[in-house]
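Undergrad: This structure is in structure tokens; I'll ask about it shortly.
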Amino acid sequence: MRCSSCQHTNSRVLESRSAESGQSIRRRRECLSCQHRFTTYERIEFVPITVIKRDGKRESFDRSKLVRGLVRACEKTGLSSGQLETLAEEIEAQLQGRSLREVTSSDIGELVLLHLRPLSEVAYVRFASVYRQFRGIRDFVDTLNHLQNPLSETQEPGTNPDFDGCVPDSDACDRESPASYATPS
Numbered sequence: 623m624r625c626s627s628c629q630h631t632n633s634r635v636l637e638s639r640s641a642e643s644g645q646s647i648r649r650r651r652e653c654l655s656c657q658h659r660f661t662t663y664e665r666i667e668f669v670p671i672t673v674i675k676r677d678g679k680r681e682s683f684d685r686s687k688l689v690r691g692l693v694r695a696c697e698k699t700g701l702s703s704g705q706l707e708t709l710a711e712e713i714e715a716q717l718q719g720r721s722l723r724e725v726t727s728s729d730i731g732e733l734v735l736l737h738l739r740p741l742s743e744v745a746y747v748r749f750a751s752v753y754r755q756f757r758g759i760r761d762f763v764d765t766l767n768h769l770q771n772p773l774s775e776t777q778e779p780g781t782n783p784d785f786d787g788c789v790p791d792s793d794a795c796d797r798e799s800p801a802s803y804a805t806p807s
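In my numbering, the protein residues as written are 623 to 807.
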């Protein structure tokens, strides 16, 4: 490991501890040449995930983009940056746990909504408004009604216009277009 100060390659480990919910190891090091102390992180190397965007373009999954979207949706909601980092880690771990290496951006959006709902209804609505491309106040009202009256177990999935019956992990599910969420039945 190169020293961040003098670039010397020999250092000793002073302390090691688990970090990022056990997903990495944080090591405190000291350079044997200049005695500068620095921190390194050791992580498992994951197989890259490709995200298929709405327009069909493909790009590598970028957790920092996910965190930025979460931060925007959760501004002034009382959720800490640590909670948002943990949420991003959980979503990334779910994506890594799938056998497919390609995932649609809509699958990621549904996972985010699934995780945000119990944490903050305000953040849920904010994220949904961007993700589902709300076009007017009716879209907000429909989403708020869905939050207040979630789909009951006795109701058929096709009878609620706000719910398309898809589970985020379901790959065989046909999704409605974002604009159809606001279309009254």
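Here a beta-carbon is modelled for each residue, glycine too, at the ideal position from N, C-alpha and C.
Could you give the DSSP three-state label for Phe660: helix, strand or coil?
TA: Counted from its first residue, the sequence shown places residue 660 at position 38. The answer is strand: DSSP assigns Phe660 an E or B state.
Undergrad: So if DSSP puts Thr708 in a beta bridge, which residue, or which two residues, is it bridged to?
TA: Taking the sequence shown and counting its residues from 1, the one referred to as residue 708 is at position 86. Looking at the DSSP assignment, Thr708 forms no beta bridge with any residue, so it has no partner.
Undergrad: If you drop the 5 nearest sequence neighbours on each side, which residues of the same chain put their C-beta closer than 8 angstroms to that of Gln645?
TA: Mapped onto the sequence shown, residue 645 falls at position 23. For Gln645, where only same-chain residues beyond five positions count, the Cβ hits under 8 angstroms are Arg665, Ile666, Glu711, Ala715.
Undergrad: Are Leu706 and Val689 touching if we call contact CB-CB under 8 angstroms?
TA: Position 84 of the sequence shown, counting from 1, holds the residue named residue 706. Position 67 of the sequence shown, counting from 1, holds the residue named residue 689. Yes; because the gap between Cβ atoms is below 8 angstroms, this pair is in contact.
Undergrad: Thinking Ala695 and Arg748 are a contact (beta carbons under 8 angstroms), I'd like their distance in whole angstroms, please.
TA: In the sequence shown, counting from the first residue as 1, residue 695 sits at position 73. In the sequence shown, counting from the first residue as 1, residue 748 sits at position 126. Yes, Ala695 and Arg748 are in contact; Cβ-Cβ is about 4 angstroms, under 8 angstroms.
Undergrad: I'd like the ranges of any alpha helix (DSSP H) spanning at least 4 consecutive residues and lying wholly in the region 686 to 770.
TA: As far as the region 686 to 770 is concerned, its whole alpha helix (DSSP H) runs of at least 4 residues are 703 to 719, 727 to 741, 743 to 753, 759 to 770.
Undergrad: Going by DSSP, what residue range makes up the beta strand (DSSP E) through Glu636?
TA: As a position in the sequence shown, residue 636 is number 14, starting the count at 1. According to the sequence shown, residue 636 is Leu rather than Glu. Segment 633 to 641, the beta strand (DSSP E) holding Leu636.
Undergrad: Determine, using beta carbons only, whether Leu654 and Ser633 come nearer to each other than 8 angstroms.
TA: Counted from its first residue, the sequence shown places residue 654 at position 32. Counted from its first residue, the sequence shown places residue 633 at position 11. Cβ atoms of Leu654 and Ser633: closer than 8 angstroms.
Undergrad: For Thr672 and Ile713, what's the separation of their Cα atoms in angstroms?
TA: On the sequence shown, position 50 is the one that residue 672 refers to. On the sequence shown, position 91 is the one that residue 713 refers to. Taking the straight line joining both Cα atoms gives about 15 angstroms.
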